[in-house]
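One structure is given here, and the rest of the page talks about it.
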Amino acid sequence: MSDFVQQCFNGLVSGSFYALLALGLAVIFGMLGVVNFAHGSFYMLGAFSAYIGLESFGVPFWVALVAVPLLLGILGMVIERLLIHRLVDLDPLYNFLLTFGVALVLQDLMKRTYGVQSQPYPVPGGLAGQVNLGLFRYPAYQVFVLAISVSVCVGVWVLLTRTRVGMIVRGATERRDLTRALGVNVGLWVTPVFGFGTALAAFSGVLAAPMRAVNPLMGADLILVVFAVVVIGGLGSIVGSVLAGFTIGMLQALGNLYVPALSQTLVFIVMAVILLWRPAGLFGREEARA
Numbered sequence: 000m001s002d003f004v005q006q007c008f009n010g011l012v013s014g015s016f017y018a019l020l021a022l023g024l025a026v027i028f029g030m031l032g033v034v035n036f037a038h039g040s041f042y043m044l045g046a047f048s049a050y051i052g053l054e055s056f057g058v059p060f061w062v063a064l065v066a067v068p069l070l071l072g073i074l075g076m077v078i079e080r081l082l083i084h085r086l087v088d089l090d091p092l093y094n095f096l097l098t099f100g101v102a103l104v105l106q107d108l109m110k111r112t113y114g115v116q117s118q119p120y121p122v123p124g125g126l127a128g129q130v131n132l133g134l135f136r137y138p139a140y141q142v143f144v145l146a147i148s149v150s151v152c153v154g155v156w157v158l159l160t161r162t163r164v165g166m167i168v169r170g171a172t173e174r175r176d177l178t179r180a181l182g183v184n185v186g187l188w189v190t191p192v193f194g195f196g197t198a199l200a201a202f203s204g205v206l207a208a209p210m211r212a213v214n215p216l217m218g219a220d221l222i223l224v225v226f227a228v229v230v231i232g233g234l235g236s237i238v239g240s241v242l243a244g245f246t247i248g249m250l251q252a253l254g255n256l257y258v259p260a261l262s263q264t265l266v267f268i269v270m271a272v273i274l275l276w277r278p279a280g281l282f283g284r285e286e287a288r289a
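See the structure below:
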């Protein structure tokens with residue numbers, strides 16, 4: 000029983016990263032119609048920025064957790080205005096290839112600077128111990144990751160549903176044409192939303208630094224799973240992406256316990272089944288056929 004519950008917690012922690020990354024990816028896709036392949040690279044840059052800040056400038060984890068997403072969010076806005084914005088009216092394949100190229104450039108830059116060896120990042124003070132959860136003891140930092148990830152997802156949901164700006168962004172993300180028909184200048188929000196999605200990826204990277212190996216390939220290893228999560232939840236669906244993220248994390252963890260041979264491919268099996276049943280994903284809206 001304790002093994003099962005502990006694996007569930009492991010799944011929720013992994014799902015925290017999937018949910019945060021999928022949330023940012025879904026918002027960007029819904030607003031721009033762009034599959035941002037560079038999303039994983041901003042996750043990697045978030046972790047590396049925290050590492051560089053600590054090693055070179057003594058920036059503590061708690062400062063990095065706030066500063067790094069802000070700085071990389073601004074970088075994302077610059078990339079959107081200088082590169083992605085110019086291709087947004089063309090075939091989506093062009094922007095997919097562009098973001099793929101950006102991902103390769105960022106990844107290669109870090110490889111050339113720091114090599115392919117993993118860089119250690121210490122668990123922040125106060126979270127290095129364990130928490131007694133009754134049936135077992137669990138690392139305090141993982142409990143923190145789960146708590147703050149859920150808080151951020153809930154906070155974003157409140158922002159998108161309870162504020163005027165949030166409702167405009169949510170409307171443009173989930174019903175772009177209808178939002179435009181109501182007289183909203185959707186283009187005005189494209190750059191800030193791209194920056195916001197990038198900041199979420201960077202935030203996830205900073206959270207991951209004390210838990211996972213900080214290396215140039217960490218984003219590439221994760222992004223395919225996150226893409227699958229977004230497809231399962233429904234492209235552009237904010238709620239679907241978050242729920243699918245936590246669900247896939249749980250399924251992978253339980254797969255590790257019961258069918259370890261399938262644990263790495265389970266997410267893609269689930270994606271295939273979901274697409275056969277609902278081509279638009281669990282929470283996506285199917286386009287009406289003429």
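Here the sequence shown is numbered in numbering that gives the first Met the number 0, starting from 0 and rising by one per residue. The beta carbon of each residue, even a glycine, is placed where N, CA and C say it ideally should be.
Check                                                                                                                                                          : Outcome
When you compare only the Cα positions, how much space is there between D88 and R175?                                                                          : 14 Å
Taking only the alpha-carbon atoms, compute the straight-line gap between M249 and G45 and give it to the nearest angstrom.                                    : 24 Å
Here's a check: name, in chain order, each residue in its chain whose Cβ is nearer than 6 Å to the Cβ of A289, leaving out the five neighbours to either side. : For A289, the predicted model reports a pLDDT of 40, less than 50, meaning its position is unreliable; a value from the coordinates is still stated below. Nothing listed; no residue qualifies.
With H, G and I counted as helix, E and B as strand and the rest as coil, what does DSSP make of A18?                                                          : helix
Report the three-state DSSP secondary structure of Q129 (helix, strand or coil).                                                                               : strand
Given this structure, state the Cα-to-Cα distance separating T190 from S117, to the nearest angstrom.                                                          : 33 Å
Compare the beta carbon distance of V192 and V67 with 8 Å and say whether it is the shorter of the two.                                                        : no
For Q5, name the three-state secondary structure that DSSP assigns.                                                                                            : helix
Measure the CB-CB distance between H38 and L24 and report whether it falls below 8 Å.                                                                          : yes
Got a sec, what are the start and stop residues for the alpha helix (DSSP H) R136 sits in?                                                                     : Segment R136 to P138 is the beta strand (DSSP E) holding R136; no alpha helix (DSSP H) there.
Rounded to the nearest angstrom, what separates F282 and E54 at their Cα positions?                                                                            : 43 Å
Does Q141 come out as helix, strand or coil in the three-state DSSP assignment?                                                                                : helix
Classify A127 as buried or exposed, calling it buried when 16 or more other Cβ atoms lie within 10 Å of its own Cβ.                                            : exposed
Answer with buried or exposed for P209, where buried requires no fewer than 16 other C-beta atoms within 10 angstroms of its C-beta.                           : buried
With distances taken from CA atoms, which of A171, M270 and G182 is nearest V225?                                                                              : M270
Ordered along the chain, which non-local residues of its own chain (more than five positions away) have a Cβ less than 7 Å from that of T172?                  : V26, G29, M30, G235 and I237
Kindly identify the DSSP beta-bridge partner or partners of Q118.                                                                                              : V213
Would a C-beta distance cut-off of 8 Å place L82 and L71 closer than the cut-off?                                                                              : no
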